[in-house]
Ligand SMILES: NC(=O)c1ccc[n+]([C@@H]2O[C@H](COP(=O)([O-])OP(=O)(O)OC[C@H]3O[C@@H](n4cnc5c(N)ncnc54)[C@H](O)[C@@H]3O)[C@@H](O)[C@H]2O)c1
């Protein structure tokens, strides 16, 4: 059972995962490279947990206990001290992640489980930076981590079965549903989502359907809670285009080649909600 967790990288996902852990009784240390990044991560968590208190979803004692389990540091050795599991959530860059895992492998006792939250990179390639690849595994949380219920658990070529069991048990202990995915680009879910987004853009590009009709079609005809076009505007057109490009480069499969509409929209600064205009127009 995982009693103490360390999260490396206090950005969107690292802070979200740390919040999930402390809300589920696990003592957690959040580590980033600079004090200001650590503070930003801690402040995000405090703000979300504080809102639950304000709305009466938590009482003061529970609120204080949750935040009492959370600690932020910049020093790596202090971060991993006593941790049964480490989850890495730094930028999506293979060289950076391999450096982090090489360091984690050096500073953590060999029983510590080392997880990566990568969305696209190969777990085997990350694990190969360590001397103990058997203890490395992927735990891919979805954004926002406190709300999304799924975690994809991805084995590398050498991941030990005891590490898989511990990762699956951890996901369940923090209220998530794990699924096992192969170490292939995009794992399970992002391979589907990228196809859906590309198909929506292709239909709009060819004039087959409007954004509104695509969104209504999938919401009312297939029970999707949100339409793919509104999701793309929320995520950012540049972000979706990068994800498709990464999958296309890694798989070489034409179906992941981004629709030309994305490049056109990026040139026109139609990046979605964040720029006031994407497929739809927003008031900023
Ligand atoms: N944002 C998403 O929607 C999403 C969803 C699922 C998975 N992911 C994956 O999660 C990971 C993190 O993504 P994010 O969106 O949270 O990134 P982010 O940019 O919000 O945060 C990354 C953090 O890592 C820190 N960092 C960089 N090098 C570090 C180091 N050596 N040690 C400690 N911290 C370091 C940065 O300072 C930054 O605070 C990526 O692999 C990404 O692909 C992201």
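Residue numbers (this note's numbering): 1349 to 1632. Ideal Cβ placement from N, Cα and C applies to all residues, glycine included. Remember, predicted model here, so these are calculated numbers, not experimental data.
Expected contact under 8 Å - CB spacing of residue i and residue j to nearest Å
i, j, result
"residue 1523", "residue 1468", "That pair is no contact at about 25 Å."
"residue 1461", "residue 1433", "4 Å"
"residue 1306", "residue 1592", "In the structure displayed, the chain extends from 1349 to 1632; residue 1306 sits before or after that span and is not available."
"residue 1428", "residue 1455", "6 Å"
"residue 1474", "residue 1353", "Going by Cβ atoms, the distance from residue 1474 to residue 1353 rounds to 18 Å, so no, they are not a contact pair."
Rounded separation between residue i and residue j - CA only
i, j, result
"residue 1507", "residue 1411", "37 Å"
"residue 1515", "residue 1502", "10 Å"
"residue 1511", "residue 1386", "28 Å"
"residue 1421", "residue 1375", "14 Å"
"residue 1391", "residue 1579", "27 Å"
"residue 1561", "residue 1614", "22 Å"
"residue 1451", "residue 1379", "13 Å"
"residue 1552", "residue 1559", "7 Å"
"residue 1624", "residue 1481", "45 Å"
"residue 1361", "residue 1395", "15 Å"
"residue 1406", "residue 1492", "20 Å"
"residue 1334", "residue 1549", "The requested residue 1334 is not part of the displayed model; the chain covers only 1349 to 1632."
"residue 1458", "residue 1430", "12 Å"
"residue 1497", "residue 1517", "14 Å"
"residue 1599", "residue 1575", "26 Å"
"residue 1540", "residue 1409", "42 Å"
"residue 1350", "residue 1554", "51 Å"
"residue 1417", "residue 1527", "27 Å"
"residue 1358", "residue 1601", "34 Å"
"residue 1477", "residue 1586", "30 Å"
Coarse secondary structure for residue i, derived from DSSP in three states
i, result
"residue 1360", "helix"
"residue 1505", "coil"
"residue 1631", "coil"
"residue 1565", "helix"
"residue 1394", "helix"
"residue 1352", "strand"
"residue 1635", "Since the first residue shown for the chain is 1349 and the last is 1632, residue 1635 is missing from the structure and cannot be characterised."
"residue 1388", "helix"
"residue 1560", "helix"
Where residue i falls, given that 16 or more other Cβ within 10 Å makes a residue buried
i, result
"residue 1573", "exposed"
"residue 1479", "exposed"
"residue 1404", "exposed"
"residue 1595", "buried"
"residue 1630", "exposed"
"residue 1538", "buried"
"residue 1371", "buried"
"residue 1445", "buried"
"residue 1449", "buried"
"residue 1424", "buried"
"residue 1604", "buried"
"residue 1570", "exposed"
"residue 1513", "exposed"
"residue 1441", "exposed"
"residue 1583", "buried"
"residue 1439", "exposed"
"residue 1466", "buried"
Complete runs of the alpha helix (DSSP H) confined to the stretch 1407–1492 [at least 4 residues]: 1408–1416, 1424–1428, 1442–1455, 1471–1475
Runs of alpha helix (DSSP H) lying entirely within the stretch 1564–1621, each at least 4 residues, in chain order: 1576–1583, 1585–1599, 1608–1615
Length at least 4, wholly inside the stretch 1499–1548: the alpha helix (DSSP H) runs in chain order: 1509–1521
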